[in-house]
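Residues 1 to 304 (this note's numbering) make up the sequence shown, in order.
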Amino acid sequence: MTERKEEVPVVPTDGVQSSVPTEKAGSTQVNEGSVSTASRASTASTVSTAATEPNARTVPTVPIFGIPFSRMNMKDTVAYLTETIQAGKPHQIITGNPIMVMAALNDPKYMEIMKSAELIVPDGTGVVWAAEYCGVPVAERVAGFDLLHELMRVGESYQWRVFLLGSTGEVIQETASRLQEQYPGIVVCGYRDGFFGESEDPEVIEQIRAAEPHLLFVARGADTQEPWIGKYKEQLGVPLMMGVGGSFDIISGRSKRAPVVFQKLRAEWLYRLLKEPKRAKRMLALPQFVLKVKREKENVTKTV
1 MTERKEEVPV
11 VPTDGVQSSV
21 PTEKAGSTQV
31 NEGSVSTASR
41 ASTASTVSTA
51 ATEPNARTVP
61 TVPIFGIPFS
71 RMNMKDTVAY
81 LTETIQAGKP
91 HQIITGNPIM
101 VMAALNDPKY
111 MEIMKSAELI
121 VPDGTGVVWA
131 AEYCGVPVAE
141 RVAGFDLLHE
151 LMRVGESYQW
161 RVFLLGSTGE
171 VIQETASRLQ
181 EQYPGIVVCG
191 YRDGFFGESE
201 DPEVIEQIRA
211 AEPHLLFVAR
221 GADTQEPWIG
231 KYKEQLGVPL
241 MMGVGGSFDI
251 ISGRSKRAPV
261 VFQKLRAEWL
271 YRLLKEPKRA
281 KRMLALPQFV
291 LKVKREKENV
301 TKTV
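Below, the structure is given as structure tokens:
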């Protein structure tokens with residue numbers, strides 16, 4: 001039976017400010033043409049029995065100061081996550097970088113959140129460098145922005161349902177519209193801006209559960225999105241939950257991704273710093289990470 005997909009309104013994003021969400025009435029959209037729980041279950045049953053257990057595939061990892069980073073390349077990561085999504089059990093995916101590693105080393109609670117994630121991919125080029133420098137290289141950088149698009153591409157074959165959470169109302173609406181247009185085989189089953197406080201968490205969780213997504217992408221900043229997902233992942237019950245930082249700003253057209261030359265030089269961080277000097281204080285964690293790796297080379301990849 002062909003599903004009716006509601007059009008997601010396109011709203012201009014000129015001049016929209018994307019700050020860390022604070023308490024404010026949120027805007028929400030849920031696709032009423034969504035499939036039922038039974039339909040979602042039937043989608044999962046299309047994979048082979050070998051993929052019914054999300055951990056059937058062994059994930060090679062390298063610990064960076066006690067945080068286990070995947071050593072898989074993008075292709076293997078997507079294959080593993082496809083099995084995970086089809087199996088249906090809640091999984092948190094973190095796209096890790098040096099800033100997050102340093103934050104975890106300075107905050108035991110954040111370290112616990114990182115370690116409790118089901119998969120951490122090496123998003124930051126600094127992590128890729130550290131693993132190689134210490135003699136246990138990862139296959140390649142697995143950028144969160146690229147991983148999001150790879151999952152959307154694969155998801156068209158399975159008619160995966162996607163919920164988007166975060167950023168401003170204008171940005172999230174435009175992001176939903178563009179993703180639905182770019183990947184017509186998936187269903188953007190709902191979206192909501194990221195301006196809500198802890199008192200509204202139960203309402204947000206219920207909205208997400210009611211939409212029955214296979215994937216939940218959260219853009220609320222690393223200080224907020226990872227702890228929020230980690231705290232509620234069992235209640236949310238979404239097969240794949242991933243923080244995506246500023247990805248919605250780029251997808252919506254509000255911001256531009258670093259040019260290819262910066263990406264090839266592993267210097268996207270420098271491009272972002274040049275575009276947004278206010279990031280300077282946060283970026284101080286990068287040289288601190290490099291110095292720590294060089295000073296403690298023998299201990300960087302030891303299991304804590």
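Don't be surprised by glycine CBs; every beta carbon is placed ideally from N, CA and C. Note that the structure is a prediction, hence the values are computed from the model and not measured.
Here S177 is buried: its Cβ has 16 or more other Cβ atoms, across all protein chains shown, within 10 Å. When rounded, the separation of the alpha-carbon atoms in D193 and T82 is 27 Å.
Q182 is classed as exposed because its beta carbon has fewer than 16 other beta carbons within 10 Å across all chains shown. Leaving aside the five residues that flank A143 on each side, the residues in its chain whose CB is nearer than 6 Å to its CB run, in chain order, D123. Cβ neighbours of M102 within its own chain (closer than 7 Å, five residues either side excluded): A285, Q288, F289. The continuous stretches of beta strand (DSSP E) do not include V128, which lies in the alpha helix (DSSP H) extending over residues 125-133. Taking C-beta atoms as the reference points, S255 and L148 fail to come closer than 8 Å. Counting the other Cβ atoms within 10 Å of the Cβ of L165 gives 16 or more, which makes it buried. The stretch 99-115 and the stretch 196-212 do not touch, with fewer than 3 CB-CB distances between them shorter than 8 Å. For the pair G185 and A219, the Cα-to-Cα distance works out to about 23 Å. By a beta-carbon distance limit of 8 Å, I94 contacts I120. Their separation comes to about 5 Å. As the crow flies, the alpha-carbon of K292 is around 14 Å from that of K302. Sixteen is the threshold: when 16 or more other Cβ atoms of the shown chains lie within 10 Å of the Cβ of D249, as they do, the residue is buried. By the 16-neighbour rule on beta-carbons within 10 angstroms, R161 is buried. For Q92 and K231, the gap between their C-alpha atoms comes out near 10 Å.
Taken in chain order, the complete alpha helix (DSSP H) segments of 4 or more residues contained in the stretch 106-173 are 108-116, 125-133, 144-158. By the Cβ rule, the stretch 70-86 counts as touching the stretch 128-140, because three or more pairs are nearer than 8 Å.
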